[in-house]
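**Student:** Dropping a structure here in structure tokens format, bear with me for questions.
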Amino acid sequence: MYIFSKFIMIAETCRGRGRTLAWPLKAGAVPGHEGMQQDVQAEADSGKTRTAEILGVLRDDILAARLVPGEKLRFDELRETYEIGISPLREALMHLASEGLVTTEQRKGYRVAPVSGADLREIAFLRGEFDSLAIRLSIANGDELWEGRILAAFHAMRRRGKIGPDGTVDREWERYHIGFHAELVSECRLPKLLSFRAILDLQAQRYRRIAAFHYLKAPRDDVAEHLALRDAVLARDADLAARLIREHYSRTVEIILAGQAED
């Protein structure tokens, strides 16, 4: 059975299309010989800008389920919808595939990555393992400045409401929430681990947004959970902090899957 089918149906009904990107049309002037090198560089920079912008827009549409899990991503439709050329679009899709948000099919192109309970559990398990290790190392390596960043990140997150005006996850709170968790592990000094966990963060974020109604309405004291985690890290209690981060991610999975079962 296709898990999250009702969540996806709601997202598909509510989604909007017709996104327009911000860059201007290329001017038609022919450069002089003396400006050719600068023009080539400008063209290269423009291509990078276009790729970065379409990457950000596509990623956000996938995370918000405006492009729903399992949806076929047809180049012609995407080019028309987002008003983008084939090269930056292809580069953006390849990058999204590396983040696990898009899947590739031999000779069939791209699809939005599917969702399932098993996938969500695996993401949460790996996040717990990666973060517990990274927190242990950060506790061993971190100094007073690191502690100060954790306190500042927690304060910013706590001051912001979790639910936005539209009833979904507030985007600013989500940014502060991600930032708080990132600070907890920021002194692990393992850049590859941090890269892997950033990808898992994106994948987990998609599930939270798809299941936003249950994720936001479930009885849960987020502030208390994050406060306990903050205090364990600042007290340099690595064992407690590792246990709390695993429990924190497991609780999110339970809430999301319980909400799906209710539907």
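Following the working numbering, the residues of the sequence shown are numbered contiguously, the last one being 985. All C-beta atoms, glycine included, are put in the ideal place defined by N, C-alpha and C.
1) Can you give me the C-alpha to C-alpha distance between residue 816 and residue 905, rounded to a whole angstrom?
2) For residue 885, count the other beta carbons within 10 Å of its own beta carbon; 16 or more makes it buried, fewer makes it exposed. Which is it?
3) I think residue 784 touches residue 818, with their Cβ atoms under 8 Å apart; what is that distance to the nearest whole Å?
4) Contact check, residue 793 vs residue 834 under 8 Å by CB: the rounded distance?
5) In terms of residue numbering, what span does the alpha helix (DSSP H) encompassing residue 803 cover?
6) By Cβ distance below 6 Å, which residues in the same chain neighbour residue 902 in space, the five residues on each side in sequence not counted?
7) Spatial neighbours of residue 757 within its chain, please: C-beta separation below 6 Å, excluding the five flanking residues on both sides.
8) Could you check where the beta strand (DSSP E) with residue 827 kicks off and where it finishes?
9) Could you pull the start and end residues of the beta strand (DSSP E) that residue 834 belongs to?
10) With residue 914 as the anchor, note down where its alpha helix (DSSP H) starts and where it stops.
11) Kindly indicate which three-state DSSP category residue 790 falls into: helix, strand or coil?
12) Our contact map puts residue 950 next to residue 861 with C-beta atoms below 8 Å; I'd like the distance itself, whole angstroms only.
13) Among 977, 972 and 980, which has the Cα closest to the Cα of residue 844?
14) Quick one: what's got a C-beta closer than 8 Å to residue 954's C-beta in the same chain, skipping five residues either side?
15) Check whether the region 845-855 touches the region 916-928, counting contact only when three or more Cβ pairs, one atom from each stretch, lie closer than 8 Å.
16) Specify the secondary structure class of residue 945 as computed by DSSP and reduced to three states.
17) Can you tell which of 807, 952 and 980 has its C-alpha closest to the C-alpha of residue 899?
**Tutor:** Inspection of the coordinates gives the following:
1) Your numbering for residue 816 matches position 94 in the sequence shown. Your numbering for residue 905 matches position 183 in the sequence shown. If you take the alpha carbons of residue 816 and residue 905, they lie about 29 Å apart.
2) In the sequence shown, counting from the first residue as 1, residue 885 sits at position 163. Classification for residue 885: exposed.
3) The count along the sequence shown starts at 1 and reaches residue 784 at position 62. The count along the sequence shown starts at 1 and reaches residue 818 at position 96. The pair is a contact, with the Cβ atoms about 7 Å apart (cut-off 8 Å).
4) Locating residue 793 in the sequence shown gives position 71, counting from the first residue. Locating residue 834 in the sequence shown gives position 112, counting from the first residue. Contact flag correct, Cβ pair sits at about 5 Å.
5) For this step, residue 803 is matched to residue 81 along the sequence shown. Where residue 803 is concerned, the enclosing alpha helix (DSSP H) stretches over 797-804.
6) The count along the sequence shown starts at 1 and reaches residue 902 at position 180. So the list reads 875, 876 and 879, once near-sequence residues are dropped.
7) Your numbering for residue 757 matches position 35 in the sequence shown. The pLDDT assigned to residue 757 is 46, lower than 50, so where the model puts this residue is not dependable; a value taken from the coordinates is nonetheless given after this. So the list is empty, once near-sequence residues are dropped.
8) For the purposes of this step, residue 827 is identified with residue 105 of the sequence shown, where counting begins at 1. 824-827 is the span of the beta strand (DSSP E), which, as asked, contains residue 827.
9) The residue given as residue 834 occupies position 112 in the sequence shown. From DSSP, the beta strand (DSSP E) with residue 834 extends over 831-834.
10) Counted from its first residue, the sequence shown places residue 914 at position 192. Here the alpha helix (DSSP H) through residue 914 covers 913-932.
11) Within the sequence shown, numbered from 1, the residue matching residue 790 stands at position 68. Reduced to three states, the DSSP call for residue 790 is coil.
12) To locate residue 950, count along the sequence shown from 1; it is residue 228. To locate residue 861, count along the sequence shown from 1; it is residue 139. Rounded, the Cβ-Cβ distance is 15 Å, inconsistent with contact.
13) Numbered from 1 along the sequence shown, position 122 holds the residue referred to as residue 844. Out of 977, 972 and 980, 972 has the C-alpha closest to the C-alpha of residue 844.
14) As a working note, residue 954 is residue 232 in the sequence shown. Closer than 8 Å at Cβ, skipping near neighbours: 962, 963 and 966.
15) yes
16) To locate residue 945, count along the sequence shown from 1; it is residue 223. Residue 945 falls in the helix class under three-state DSSP.
17) For the purposes of this step, residue 899 is taken as the residue at position 177 of the sequence shown. Residue 899 has its Cα closest to that of 952, out of 807, 952 and 980.
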